[in-house]
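Below is one structure, written out as structure tokens; comments come after it.
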Amino acid sequence: MPELPEIETIRRQLSEEIVGLTVIDAAIYLSKVIKEPSPGSFLREIQGRRISRVGRRGKYLLFDLSGGYLLVVHLRMTGQLVYESETAPQPRHTHLILHLERGRLRLTDLRQFGCVWLLPAEKSARMAQLAKLGPEPLTAEFTETYFVQRLKDSRRQVKQVLLDQEIVAGIGNIYADEALYLAGLHPGRRADGLSAREAKKLYRAVKEVLREGILHRGTSIQHYVDAVGRQGSHQDFLRVHYRAGQPCPRCGNPVVKVKLGGRGTYLCPACQT
DNA sequence: AGCAACGCCTGATAGC
DNA sequence: TGCTATCAGGCGTTGC
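Note that our numbering has the first sequence beginning at 31, numbered continuously upward.
Structure, rendered in structure tokens:
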């Protein structure tokens, strides 16, 4: 599923491809993906606006449009956002298309969880989902002191803390498993039970796995493709996630899959304590 | 308040 | 073989 590295890959590509282009018009095939405003208003309000910047906050893609408007896209689990030729075939489960001056931007989502908002500037500054997000893990605002303190303040399992977007933005199931493996921590450990040394190790691991993911243009396990429809390559570099039964890269013991907080969780029982 | 459970969805897979 | 049940999970909502 698209997490920070996948969304960042899409952001970088779209930034190259569509900044400066104008939205000629749009087509909505599944109206519930448009959370705000109504589908009719969406079509009217997006028409003729020029894309001036493509940004990202956590797993949200942010498109700055002329007139102070902001287009927000979240791909949730199976969403794809692809910039392509107007003559490309339109796949099943395509819910929204933005026709640009040159080419089109297509939102396709098998599970229909992905969603889109179009907001004028004064509303976008107050969009609750964005306002609640914790710091960006790859910027200076995400400090070791902050993260260590948040862990110390939580009685939850450490994996739940990593997945909490209000604590740190952008980590999902894949990179949570990978970070915990790299830090040598069992995902079920209580966050406030980690030593300072362990918490610091996890801080560094979080940043490392996200950077690796970006370097490999994301992880394509099931549905993820980048903004030009290509798969990422980080699935070939995963250490434990989606590798049940395969040897741990450090000790050779088989990786196991367990259920933790309702989510499939992969770990090496020998290396993660 | 803080945390757990549920619902949203469809396609792949397991089990009979 | 062909059917049904289960699973996958980010996040908003609901409930304890």
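Positions of the beta carbon are idealized from the N, C-alpha and C atoms, including for glycine. Note that the coordinates shown come from a computational prediction; the quantities given were computed from them, not determined experimentally.
Asked	Found
Which residue marks the beginning of the alpha helix (DSSP H) containing P69, and which one marks its end?	69-76
Quick one: grab the DSSP three-state call for L160.	helix
Mapping DSSP to helix, strand and coil, what is Y322?	Given a span of 31 to 303 for the chain in the structure shown, any question on residue 322 remains unanswerable.
Could you tell me if R41 is buried or exposed, where buried requires 16 or more neighbouring beta carbons within 10 angstroms of its beta carbon?	buried
Between which two residues does the alpha helix (DSSP H) holding R41 run?	34-48
Excluding the five sequence neighbours on either side, which residues of its own chain have a C-beta within less than 7 Å of the C-beta of S96, listed in chain order?	R79, R80, S82
Going by DSSP, name the residue or residues bridged to E114.	R134
L232: which of R280, Y254, R260, T175 sits nearest, CA to CA?	T175
Contact defined as beta carbons within less than 8 Å: I believe T138 pairs with T124. What is the distance between those atoms, to the nearest angstrom?	5 Å
Name the DSSP beta bridge partners of K287, please?	Y296
Can you give me the start and stop residues for the beta strand (DSSP E) that V5 sits inside?	Nothing can be reported for residue 5: it is not among the residues displayed for the chain, which extend from 31 to 303.
May I ask you to list the residues that DSSP assigns as paired with E66?	W147
Should R141 go down as buried or exposed, given a rule of 16 or more other Cβ atoms within 10 Å for buried?	exposed
Taking all protein chains shown into account, decide if Q276 is buried (16 or more other Cβ within 10 angstroms of its Cβ) or exposed.	exposed
Nearest by alpha-carbon distance to L51: which of Y99, Q120, L130 is it?	L130
Using the DSSP secondary-structure output, state which residues sit across from L219 in a beta bridge.	Reading off the sequence shown, one finds Arg at residue 219, where the question assumed Leu. According to DSSP, R219 bridges with nothing at all.
Taking only three categories from DSSP, how would you classify F93?	strand
Can you tell me whether DSSP reads R80 as helix, strand or coil?	strand
Do L160 and E196 have their C-beta atoms closer together than 8 Å?	no
Let's see if you can read the secondary structure: which residues bound the beta strand (DSSP E) around Y99?	99-104
Can the beta-carbon of G291 be found less than 8 Å from the beta-carbon of Q190?	yes
With distances taken from CA atoms, which of A257, I251, V258 is nearest R273?	I251
Once you ignore the five residues that flank A226 on each side, which residues in its own chain have a CB closer than 8 Å to its CB?	V178
Roughly how many angstroms separate the alpha carbons of P121 and R106, rounded to a whole number?	18 Å
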